[in-house]
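To keep things clear, I will list the structure first and then write my remarks on it.
Number of protein chains: 2
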Amino acid sequence: MKIELAKNYGFCFGVKRAIKIAQNSPNSATIGELIHNKEEIRRLERDFSVKTLNDISQIKDEKKVIIRTHGITKDDLNLLKNNDFDVIDATCPFVKKPQQIVEKMSDQGYEIVIFGDENHPEVKGVKSYSKTPVHIVFDEIGAQNLNINRKIAVISQTTKKIEVFKKIVAVLMDKSKEIRVFNTICNATYKNQEATQNLAQIADVMVVIGGKNSSNTKQLFLISKQFCPDSYHIENEKELEMSWFKGKQICGVSAGASTPDWIIQNVIKKLSNFKE
Amino acid sequence: MKIELAKNYGFCFGVKRAIKIAQNSPNSATIGELIHNKEEIRRLERDFSVKTLNDISQIKDEKKVIIRTHGITKDDLNLLKNNDFDVIDATCPFVKKPQQIVEKMSDQGYEIVIFGDENHPEVKGVKSYSKTPVHIVFDEIGAQNLNINRKIAVISQTTKKIEVFKKIVAVLMDKSKEIRVFNTICNATYKNQEATQNLAQIADVMVVIGGKNSSNTKQLFLISKQFCPDSYHIENEKELEMSWFKGKQICGVSAGASTPDWIIQNVIKKLSNFKE
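This is the structure:
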């Protein structure tokens, strides 16, 4: 069995940056998981004493607080800043952008539509920058059900699929005479998606590595499954099952933007052993 | 054979308004055809002495000049106003709107994309209101070929198909991080298209009446043909051929926004005679 890596995969700019920031800020705490990868978070806690808190209410003696890549709400950020914490902002710049857009558009009186998952921390954060009504839609049907009577600005969670975003905008065009479309899907997401799609078209089995709560990894898995039905989403090499690869010629490997390289290498190593 | 009229068809608000204006302004001249219907234009000339000139260079002794429903270029309009003509503006308000949008967006530094036919007078007029580059795209492929590096505002010729407009916006979303989408397709166009589609789905022969140079009639014909292969685009009853209706059960009739009711009635009358 030939093992082939996607042309683009794994750590994006924002995740690399956040990990570097965390490693340079030992004895600190992050509000929520810094990135959606439990193994990397365990490593940061073990080697750099970077703790993970669920929310700001859990802060006790910590002085240094790191803002996760997905950002937090405007209120929480202000609260931290106004209470003299040493706030270290690891919010991905590509997530800052939709926060700023939403704030500006809301100031100009636009209603906001966010294509994303309402429970995802990035979406919760971005949403908090609006004063005008915010509609969060998960898919095309969600957009069809919207009741909108005025001009709208629409943005996307950075890790979503562009094809679905396009369909949502098409639906909104029936509902509003003026729409401001900001394509906030980040380039790394776009490239990883494109590379996964290309690889899934030639592979007969696909392994997509990343946190089960990682939005961008879930998207990669969905794309992979669409083009290669034998696709598997795993968090690490322990989940691999030999039976998946029986009689397969090409095994494609891709990984989400929050998947560290050492996990990817462990998976590849174990896959290589299956060959023999 | 049953003859069934589309639920919405024929004269729109802007056309009705323009004809009323022309009838109230005898002994005048229009710059270009007031509406895209030669028979109605002949009637206005015969009964109200409203002449049709090709362009402003043809003006001789006329004092009263009527602006066509599709509008004219900003330069031509200024020239007329500055030369003391009695300018009677019959530009459809739904065409004024994209003119104003283009002027405003261009002032704010947006590049303009117009979904439309570059040779259509409405598009020529709307385009003239921009100081920034204007890209006119006729279809999805035209959009794919565009080279755009900045924020864009996109509008549509008022008489175009919404489905194609949506596809064009989807293509533009790959090319620009910020797009302002103004759905300038007029409501009458939208309703006539919807009604034609519904009727074409149940009819086994369709007759679409309107000028061969009428953009909105051409769109109706394309929609009709998509759902009922035996569709015919005619300008008047003289073009009807009995053979089209042999063995047909339901004949659907629709008409463009510039098709006067008396022409539609003539067609229906002749169709009724085919029954016997």
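For the protein sequence lines, the chains are A and B, in the order given. For any residue, its number in my numbering is found by taking its place in the first sequence, counting from 1, and adding 1332. For any residue, its number in my numbering is found by taking its place in the second sequence, counting from 1, and adding 1332. Glycine residues also receive a C-beta, built at the ideal position from the N, C-alpha and C atoms.
Exercise. Using 8 Å as the threshold, is the region 1516-1535 of chain B in touch with the region 1386-1398 of chain B, meaning 3 or more CB pairs across them?
Worked result: With the cut-off at 8 Å, the region 1516-1535 of chain B and the region 1386-1398 of chain B do not touch.
For this session: Go ahead and pull the three-state DSSP assignment for Arg1482 of chain B.
Result: As a first step, residue 1482 of chain B must be located in the second sequence, where it is residue number 150. Coil.
Exercise. Can you give, in chain order, each stretch of the alpha helix (DSSP H) that sits fully within the region 1388-1413 of chain B and has at least 4 residues?
Worked result: For the region 1388-1413 of chain B, not a single whole alpha helix (DSSP H) run of length 4 or above is found.
Exercise. Under the three-state reduction of DSSP, which class applies to Thr1528 of chain B: helix, strand or coil?
Worked result: Residue numbering aside, residue 1528 of chain B sits at position 196 when the second sequence is read from its first letter. Helix, per DSSP.
Problem set entry | Contact list for Glu1510 of chain B against chain A, beta-carbon separation under 8 Å | Against the second sequence, residue 1510 of chain B aligns to sequence position 178. Those are Arg1512, Val1513, Phe1514, Asn1515, listed as they occur along chain A.
Exercise. What's the C-alpha gap between Ile1487 of chain A and Lys1580 of chain A?
Worked result: Working through the first sequence from its first residue, we reach residue 1487 of chain A at position 155. Working through the first sequence from its first residue, we reach residue 1580 of chain A at position 248. The alpha-carbon of Ile1487 of chain A is positioned some 40 Å away from that of Lys1580 of chain A.
Exercise. Any Cβ of chain B within less than 8 Å of the Cβ of Lys1498 of chain A?
Worked result: Against the first sequence, residue 1498 of chain A aligns to sequence position 166. Yes, contact with chain B.
For this session: Run the CB neighbour count on Ile1534 of chain A, radius 10 Å, all protein chains shown included, and call it buried at 16 or more, exposed below.
Result: Residue 1534 of chain A sits at position 202 when you count from the first residue of the first sequence. It is exposed - the Cβ of Ile1534 of chain A has fewer than 16 other Cβ atoms within 10 Å.
For this session: To the nearest angstrom, report how far apart Tyr1442 of chain B and Ser1590 of chain B are at their CA atoms.
Result: For the purposes of this step, residue 1442 of chain B is taken as the residue at position 110 of the second sequence. For the purposes of this step, residue 1590 of chain B is taken as the residue at position 258 of the second sequence. Straight-line Cα distance between these residues: approximately 33 Å.
Exercise. Is there a Cβ from chain A that is less than 8 Å from the Cβ of Met1505 of chain B?
Worked result: Counting from one through the second sequence, the residue named residue 1505 of chain B turns up at place 173. Taking Cβ atoms only, chain A reaches closer than 8 Å to Met1505 of chain B, which makes this a yes.
For this session: Indicate whether Ile1541 of chain B and Val1599 of chain B have their beta-carbon atoms separated by less than 8 Å.
Result: Residue 1541 of chain B sits at position 209 when you count from the first residue of the second sequence. Residue 1599 of chain B sits at position 267 when you count from the first residue of the second sequence. Their beta carbons are under 8 Å apart, which means Ile1541 of chain B touches Val1599 of chain B by this criterion.
Exercise. What residue from B:Ile1363, B:Asn1340, B:Glu1571, B:Lys1550 has the CA that sits closest to Ile1421 of chain B's CA?
Worked result: Position 89 of the second sequence, counting from 1, holds the residue named residue 1421 of chain B. The residue asked about is misnamed: residue 1421 of chain B is Asp in this sequence, not Ile. Measuring C-alpha to C-alpha distances from Asp1421 of chain B to each of B:Ile1363, B:Asn1340, B:Glu1571, B:Lys1550 identifies B:Ile1363 as the nearest.
Exercise. On the three-pair Cβ rule with 8 Å, is the region 1428-1447 of chain B touching the region 1483-1499 of chain B?
Worked result: A contact is defined here as three or more CB-CB pairs under 8 Å, and the region 1428-1447 of chain B meets this definition with respect to the region 1483-1499 of chain B.
For this session: Output the distance between the C-alpha atoms of Thr1549 of chain B and Ala1587 of chain B, rounded to the nearest integer angstrom.
Result: For the purposes of this step, residue 1549 of chain B is taken as residue 217 along the second sequence, with counting starting at 1. For the purposes of this step, residue 1587 of chain B is taken as residue 255 along the second sequence, with counting starting at 1. So the two alpha carbons sit approximately 7 Å from each other.
Problem set entry | Opening and closing residue of the beta strand (DSSP E) in which Leu1366 of chain A lies | The residue labelled residue 1366 of chain A in the question sits at position 34 within the first sequence. Leu1366 of chain A -> no beta strand (DSSP E), and no H or E assigned at all.
Problem set entry | Inter-residue spacing [alpha-carbon to alpha-carbon] between Glu1608 of chain B and Asn1340 of chain B | The sequence position of residue 1608 of chain B within the second sequence is 276, counting from 1. The sequence position of residue 1340 of chain B within the second sequence is 8, counting from 1. No answer about Glu1608 of chain B holds up, because its pLDDT of 45 lies below 50 and its placement is not dependable.
For this session: Check whether the Cβ of Ala1475 of chain B lies closer than 8 Å to any Cβ atom in chain A.
Result: As a working mapping, residue 1475 of chain B is identified with position 143 in the second sequence. No, no contact with chain A.
Problem set entry | Interfacial residues, the region 1519-1538 of chain B to chain A, with Cβ spacing under 8 Å | Of all residues in the region 1519-1538 of chain B, none comes within less than 8 Å of chain A when Cβ atoms are compared.
Exercise. Taking Cβ-Cβ distances shorter than 9 Å, what residues in chain B pair up with Val1434 of chain A?
Worked result: Here residue 1434 of chain A corresponds to residue number 102 of the first sequence, with the count starting at 1. The contacting residues do not exist; Val1434 of chain A stays about 14 Å from chain B at best.
For this session: Would you mind sorting Gln1431 of chain B into buried or exposed? The rule is 16 or more other CB atoms within 10 Å of its CB.
Result: Taking the first residue of the second sequence as position 1, residue 1431 of chain B is located at position 99. By the Cβ neighbour-count rule, Gln1431 of chain B is buried, with 16 or more other Cβ atoms within 10 Å of its own.
Exercise. How about Glu1372 of chain A and Pro1592 of chain A: are their beta carbons less than 8 Å apart?
Worked result: Start at 1 with the first residue of the first sequence, and residue 1372 of chain A comes out as number 40. Start at 1 with the first residue of the first sequence, and residue 1592 of chain A comes out as number 260. For Glu1372 of chain A and Pro1592 of chain A, yes; Cβs fall inside 8 Å.
Exercise. Smallest Cα separation from Lys1611 of chain B: which of B:Asp1416, B:Leu1411, B:Lys1456?
Worked result: No answer is possible for residue 1611 of chain B: it lies beyond the span of chain B, which begins at 1333 and ends at 1608.
For this session: From the DSSP output, in three-state form, read off Gly1584 of chain A for me.
Result: Along the first sequence, read from residue 1 onward, the residue named residue 1584 of chain A stands at position 252. Looking at Gly1584 of chain A - three-state DSSP - the assignment turns out to be strand.
Exercise. Can you give the Cα-Cα distance for Ile1511 of chain B and Ala1502 of chain B, rounded to whole angstroms?
Worked result: Residue numbering aside, residue 1511 of chain B sits at position 179 when the second sequence is read from its first letter. Residue numbering aside, residue 1502 of chain B sits at position 170 when the second sequence is read from its first letter. One alpha carbon belongs to Ile1511 of chain B, the other to Ala1502 of chain B, and they sit about 10 Å apart.
Exercise. Hey, Ser1460 of chain B and Ile1398 of chain B are a contact pair by Cβ (cut 8 Å); roughly how many whole angstroms apart?
Worked result: The residue given as residue 1460 of chain B occupies position 128 in the second sequence. The residue given as residue 1398 of chain B occupies position 66 in the second sequence. Your pair Ser1460 of chain B and Ile1398 of chain B does not check out as a contact, with CB atoms roughly 18 Å apart and the cut at 8 Å.
Problem set entry | With 16 other Cβ atoms within 10 Å as the buried cut-off, status of Leu1552 of chain B | Within the second sequence, numbered from 1, the residue matching residue 1552 of chain B stands at position 220. Per the 10 Å Cβ criterion, buried.
Exercise. Are the C-beta atoms of Val1347 of chain A and some chain B residue less than 8 Å apart?
Worked result: Residue 1347 of chain A sits at position 15 when you count from the first residue of the first sequence. Judged by the 8 Å Cβ criterion, Val1347 of chain A is not in contact with chain B.
Problem set entry | Length of the line joining the Cα atoms of Gly1379 of chain A and Gln1597 of chain A | Taking the first sequence and counting its residues from 1, one reaches residue 1379 of chain A at position 47. Taking the first sequence and counting its residues from 1, one reaches residue 1597 of chain A at position 265. The sequence shown places Asp at residue 1379 of chain A, not Gly. The C-alpha of Asp1379 of chain A lies about 20 Å from the C-alpha of Gln1597 of chain A.
Exercise. Within this structure, are the beta carbons of Trp1576 of chain A and Val1537 of chain A separated by less than 8 Å?
Worked result: Along the first sequence, one-based indexing puts residue 1576 of chain A at 244. Along the first sequence, one-based indexing puts residue 1537 of chain A at 205. In contact: Trp1576 of chain A and Val1537 of chain A (Cβ atoms closer than 8 Å).
Exercise. When DSSP labels each residue in this structure, what does Ala1520 of chain A get in the three-state scheme?
Worked result: To locate residue 1520 of chain A, count along the first sequence from 1; it is residue 188. Ala1520 of chain A: helix per DSSP, three-state reduction.
Problem set entry | CB contact check: Ala1502 of chain A to chain B, cutoff 8 Å | If you number the first sequence from 1, residue 1502 of chain A lands on position 170. Chain B contact via Cβ: present.
Exercise. Taking Ser1508 of chain A as the reference, which of B:Met1505, B:Asn1519, B:Ile1500 has the closest Cα?
Worked result: Taking the first sequence and counting its residues from 1, the one referred to as residue 1508 of chain A is at position 176. Looking at the Cα atoms, B:Asn1519 is the closest of the given residues.
Problem set entry | Residues bridged to Leu1385 of chain B (per DSSP) | Against the second sequence, residue 1385 of chain B aligns to sequence position 53. Answer is B:Ile1363.
Exercise. Comparing alpha-carbon positions, which option in B:Arg1375, B:Lys1492, B:Asn1524 lies nearest Ile1354 of chain B?
Worked result: As a position in the second sequence, residue 1354 of chain B is number 22, starting the count at 1. A quick correction: the sequence has Ala, not Ile, at residue 1354 of chain B. The option with the nearest alpha carbon to Ala1354 of chain B is B:Arg1375.
For this session: Can you check DSSP and say which residues form a bridge with Phe1447 of chain A?
Result: What you label residue 1447 of chain A is simply residue 115 of the first sequence in a count that begins at 1. According to DSSP, residue pairing for Phe1447 of chain A in a beta bridge involves A:Val1469, A:Ser1488.
Exercise. Is the Cβ-Cβ distance between Glu1377 of chain B and Arg1400 of chain B less than 8 Å?
Worked result: Stepping through the second sequence from its first residue, residue 1377 of chain B is reached at position 45. Stepping through the second sequence from its first residue, residue 1400 of chain B is reached at position 68. Not a contact, by the Cβ cut-off of 8 Å.
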